Amino acid sequence: MGAGAFGTALAIALAKTGQPVTLWCRTSEQARNLDKVRCNSAYLPDAVFPDSLKVAQDLSAIMGGKALLIAVPLQHMRAAISILPQKTETPWVACCKGIELSTGLGPTGVLNDASPNVTTAILTGPSFAADIAIGRPTALTLACKDATSGARLQAALTTPTLRLYRTTDTVGAELGGALKNVMAIACGAVIGAGLGDSARAATMTRGFAEMQRIGRALGARTDTLAGLSGLGDLALTCTSDLSRNYRLGVSLGRGDAFDPKITVEGAATAQAMSKIARQKEIDTPITNIVARLVEGSTTVKDAIDSLMTRPLKEE
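Under our numbering, the residue at position 240 of the sequence shown is numbered 240, and the numbers go up by one with no gaps.
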């Protein structure tokens with residue numbers, strides 16, 4: 001469900017194994033166009049659809065399979081799933097990252113809140129859609145609270161080029177995927193402001209320490225945050241120009257204003273997590289700074305000054 005870059009990439013990767021896969025589109029026009037040209041020219045023009053990949057706008061076409069992968073931006077996911085049947089044996093797998101601004105919930109939290117009778121999971125980790133679509137080796141985390149369901153999903157969604165590691169720690173997997181976007185904005189801002197790679201390395205490292213503090217406070221396992229969905233995704237997103245969150249940070253670092261019309265999950269996540277951290281008294285200096293940068297209430301220079309003049313402490 002969701003014919004953007006990531007949803008299309010996953011559909012292509014799974015269909016390459018020969019199993020039937022259906023890519024659901026919001027409109028019949030989009031479905032007809034994708035089916036006609038057999039590629040998603042807007043996002044992945046070089047990735048041709050396998051023969052076993054069907055394209056549809058009819059909801060019945062995506063119900064009853066081994067899994068329903070929901071690849072829509074988190075802030076719009078609640079509205080997207082409102083059209084789905086609320087009773088189904090098909091597990092729902094969130095394929096997005098972030099924290100819902102209105103509730104503070106992560107992806108599976110939103111799914112469970114909207115549809116409490118459905119088995120839910122999240123697929124997350126270091127990946128770019130183009131790599132998955134063209135078959136470059138990629139490893140992701142599949143998190144599902146129910147271990148039996150998680151094992152089934154792991155087997156169903158693993159391909160020769162897409163290796164999944166499973167965990168029951170949905171909290172840790174979701175926090176890792178959400179918070180690394182915040183740290184990517186911070187690292188991008190450092191580079192955009194011309195502060196150099198040493199400053200970026202410091203931001204990444206202290207950012208990961210901040211992710212661990214948040215994780216411990218909210219019930220995540222530290223080994224999950226040290227895995228693909230946390231440290232792995234952090235390493236990729238904080239160093240690549242292909243990351244929208246990193247590019248936003250670079251833009252902010254150069255003095256550009258944030259455009260709220262663009263979809264960059266780290267911006268909303270910083271604001272949501274900053275609020276949660278205040279309520280739970282978690283020390284989150286980098287998250288708070290990113291939230292203020294997005295809001296336009298501070299500059300990169302002032303942000304760096306405030307971080308560098310914090311009280312001295314043990315690492």
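We treat Cβ as the ideally placed atom computed from N, Cα and C, and that holds for glycine.
Source: prediction; values computed, not measured.
- Counted as a single uninterrupted DSSP element, the beta strand (DSSP E) harbouring P45 occupies residues 44-48.
- Counted as a single uninterrupted DSSP element, the alpha helix (DSSP H) harbouring R152 occupies residues 147-157.
- In summary, M183 is buried, with 16 or more beta-carbon neighbours lying within 10 Å of its beta-carbon over all protein chains present.
- The closest CA to that of T8, considering only F208, L231, A199, G135, is found on G135.
- Its chain contains M211 as the residues whose beta carbon lies nearer than 6 Å to that of L179, once the 5 sequence neighbours on both sides are disregarded; these appear in chain order.
- Residues of the same chain with a CB within less than 6 Å of the CB of I81, apart from the 5 flanking positions on each side, are A114 in chain order.
- Between S274 and R216, the alpha-carbon positions lie close to 16 Å from each other.
- For K54, the enclosing beta strand (DSSP E) starts and ends at 53-56.
- Collapsing the DSSP output to three states places R163 in a strand.
- Closest option to P20, judged by alpha-carbon separation, among A79, A156, A121, L195: A156.
- Comparing alpha-carbon positions, the option among D51, T269, D58 lying closest to S28 turns out to be D58.
- Nearest to G106 by C-alpha distance, out of L195, P116, I122, is I122.
- Between the alpha carbons of T108 and T170 lies a distance of about 8 Å.
- Judged by DSSP in its simplified three-state form, A67 adopts coil rather than helix or strand.
- Taking C-beta atoms as the reference points, N40 and A5 count as a pair closer than 9 Å.
- Closest in C-alpha terms to I132, from the list L164, T222, T309, comes L164.
- By the C-beta density criterion, A3 is buried, having at least 16 other C-beta atoms within 10 angstroms.
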